[in-house]
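Everything in the first sequence is counted per the numbering used here, starting at 102 for the first residue and increasing by one. Beneath this line is the structure, given in structure tokens, with notes to follow.
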Amino acid sequence: MKPAVHIFWFRRDLRLHDNAGLFHALDSGIPVLPLFIFDTRILDELENKSDARVSFIYQALEDMQEILVKNGTSLDVRTGTPVSVFTQLTEDYDIRAVSCNRDYEPYAIQRDEQVAALLHQSGIPFHQYKDQVIFEKDEVLKDDGKPYTVFTPYSRKWKATLHNESYLPFPSEKKSGHYFRQPAKPLPALGSFGFSPSPITFPGKTWKPELIRAYKEQRDIPSIPGTSRLSVHLRFGTVSIRELARNAGSLNETFLNELIWREFYQMILWHFPHVVSRAFKPEYDNIRWRNNEKEFDAWCNGKTGYPIVDAGMRELKTTGFMHNRVRMIVASFLTKHLLIDWRWGEAWFAAQLLDFDLASNNGGWQWAAGSGCDAAPYFRVFNPYLQTQKFDPDLKYIRRWVPELEELTYPAPVVVHEEARKRCLEAYAAALKNK
DNA sequence: TGAAATGTTGGGGCG
DNA sequence: ACGCCCCAACATTTC
């Protein structure tokens with residue numbers, strides 16, 4: 102006799118508290134089996150076998166497991182494609198329902214459709230809930246029912262849509278008696294599916310009110326810890342967006358706006374999935390990128406001879422993180438000074454960033470390249486020296502990552518700023534003239 | 001959530 | 001005293 106269970110499938114919501122889908126599953130009256138799948142379709146794409154994100158997920162699973170075991174249950178962690186894992190699970194259990202939280206990326210949508218179809222064959226209901234955003238795909242639309250493509254009016258409508266219940270928690274942590282009771286199952290070792298631990302240390306998920314209050318004034322100075330560092334926790338759901346928006350969003354409008362940017366880009370990705378491979382504005386696909394591989398390599402490895410660019414790229418490679426101000430500078434430099442396709446930069450960030458999120462990364466890159474919705478105008482070319490003067494005047498951030506700055510070993514600039522700027526304006530103008 | 005080029009203004013040096 | 005020039009300093013426009 103197979104045990105009857107309601108499976109809750111964790112994906113980018115790796116927490117036991119204030120978890121919308123988990124709350125509803127625990128409320129269903131059927132014992133909940135918590136499941137996580139190391140998806141080989143994703144893992145096989147990762148070139149770095151000590152990828153920090155895999156370690157981060159693993160640690161989050163260990164944290165959840167510790168609590169679950171105390172509650173007399175255990176995570177069921179499996180490796181494989183989701184369809185094959187669920188096929189196996191239907192043999193092990195009498196599955197009464199499967200629940201999870203919605204994921205809006207193209208691959209996730211397709212994956213969930215396949216799983217839903219499989220479960221449907223066996224008559225198993227598949228429930229999905231909103232959890233990773235305050236407002237999802239079609240909750241903040243223009244009055245004519247179409248999606249916004251400009252941030253400011255979107256954010257205005259987002260704030261107008263907000264009501265007393267928008268931030269209300271789903272206290273899944275208070276229903277810990279509703280899990281399927283079973284002895285602890287040890288998590289499969291990282292090595293069992295070909296990975297090893299990452300040396301990167303992960304940012305904490307607590308924050309101080311003073312930091313949020315000072316966010317507007319401090320967030321642009323890369324030498325000080327003026328940003329929250331919560332992005333990775335929002336990416337994997339180790340922090341609840343409702344809890345964060347409720348507590349931190351009210352302290353600082355600029356910080357709240359950043360949370361809204363996140364939802365803006367998720368909304369854009371949902372309605373305009375072509376942005377994954379093409380420019381939001383089609384005429385920008387006419388740009389004749391130079392795509393010089395040596396220059397790209399110099400950019401990736403922080404050897405462009407532009408200290409602020411090199412500092413950022415080295416911070417990224419070493420820590421899996423880059424300060425947001427510097428992300429804008431290095432992205433502007435790659436696309437405009439070097440005239441290298443924004444997709445190359447996007448892919449490098451995707452491989453390196455611990456907090457990588459398809460929607461935000463793609464949105465940010467298309468913003469920098471000028472090809473995105475509500476993007477920086479193409480003629481806005483960041484001057485790396487002026488950006489340094491404004492945001493790292495005493496070279497504190499630069500010296501931390503480029504210690505050889507004043508030595509002969511530091512490379513000469515790969516391009517001369519004035520010339521590169523002129524070349525960029527010509528290339529963009531040529532691509533856009535007949536739009 | 002730029003920067004550079006160009007235009008305007010006004011104070012001060014100087015004949 | 002006055003006009004002329006120079007050039008910050010600020011404003012506008014252009015990319």
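In this text, a Cβ means the ideal position worked out from N, Cα and C, and glycines have one as well. Just so you know, these numbers come straight off a predicted model, no measurement behind them.
Within its own chain, the residues whose Cβ lies closer than 6 Å to the Cβ of Ile361, once the five positions on either side in sequence are excluded, are Ser256 and Trp259, listed in chain order. Put simply, of Arg282, Val333, Val216 and Asn120 the residue whose alpha carbon is nearest the alpha carbon of Val170 is Arg282. The beta carbon of Val241 lies closer than 6 Å to those of Lys258, Trp259 and Thr262 in the same chain, with the five residues before and after it left out. DSSP places Gly122 in the uninterrupted alpha helix (DSSP H) bounded by Ala121 to Leu127. Residue environment: His125 is assigned as buried (16 or more neighbouring CB atoms within 10 Å of its CB, all protein chains considered).
DSSP places Thr436 within a helical segment (H, G or I) once states are collapsed to three. The shortest CA-to-CA distance from Ile325 to any of Glu519, Pro132 and Pro494 is the one to Pro494.
Of Ala198, Pro135 and Gly246, the smallest CA-CA separation from Gly224 is found for Ala198. In the DSSP assignment, Ala209 falls within the alpha helix (DSSP H) that extends over Pro207 to Gln222. Pairing Asp475 with Gly464, the inter-Cα distance amounts to about 10 Å.
Between Pro226 and Ser332, the alpha-carbon positions lie close to 33 Å from each other. Per DSSP, the continuous alpha helix (DSSP H) segment holding Trp466 begins and ends at Leu459 to Ala470. Contact fails between the stretch 441 to 449 and the stretch 418 to 430, because fewer than three Cβ pairs, one in each stretch, are under 8 Å apart.
For Cys474, there is no enclosing alpha helix (DSSP H), as DSSP marks it with neither H nor E. Here Ile322 is near Phe492, since their CB atoms are less than 8 Å apart. Only exposed fits His375, as fewer than 16 other CB atoms lie within 10 angstroms of its CB. If only complete runs of 4 or more residues are kept, the stretch 148 to 176 shows the alpha helix (DSSP H) at 153 to 171, in order along the chain. Residues of the same chain with a CB within less than 7 Å of the CB of Gln488, apart from the 5 flanking positions on each side, are Ile409 and Ile430 in chain order. Here the alpha carbon of Arg330 sits roughly 21 Å from the alpha carbon of Asp411.
In this structure Glu364 touches Phe236 by the C-beta definition: roughly 6 Å separates them, less than 8 Å. For Leu176, the closest alpha carbon among the candidates Ile138, Cys525 and Leu509 is that of Ile138. When rounded, the separation of the alpha-carbon atoms in Leu417 and Lys523 is 29 Å. Under the three-pair Cβ rule at 8 Å, the stretch 387 to 398 does not count as touching the stretch 281 to 298.
When the five nearest sequence neighbours on each side are left out, the beta carbons in the same chain lying within less than 7 Å of the beta carbon of Tyr159 are those of Leu291, in order along the chain. Between the C-alpha atoms of Asp114 and Thr253 there is a straight-line separation of about 28 Å. Closest in C-alpha terms to Glu311, from the list Lys275, Thr302, Asn348 and Ser277, comes Asn348. Closest in C-alpha terms to Lys317, from the list Arg426, Ala217 and Ser273, comes Arg426. When DSSP states are grouped into helix, strand and coil, Phe187 belongs to the helix group. Rounded to whole angstroms, Lys231 and Arg336 show a C-alpha spacing of 15 Å.
No residue range can be given for Gln233, since it is assigned to no alpha helix (DSSP H) and is classified by DSSP as neither H nor E. With fewer than 16 neighbouring CB atoms inside 10 Å of its own CB, Lys395 falls in the exposed class. In this structure, Ser267 lies away from Lys150, with their beta-carbon atoms at least 8 Å apart. Under a 10 Å Cβ-count criterion, Asp152 is classified as buried, with 16 or more other Cβ atoms of the shown protein chains found around its own Cβ.
With contacts defined as CB atoms closer than 8 Å, Val186 and Leu219 fail to qualify as a contacting pair. Short of 6 Å from the beta carbon of Thr510, and not among the five residues preceding or following it, lies no beta carbon of its own chain. In this structure, Asp195 is the residue among Ile168, Met165 and Asp195 with its C-alpha nearest to the C-alpha of Ala105.
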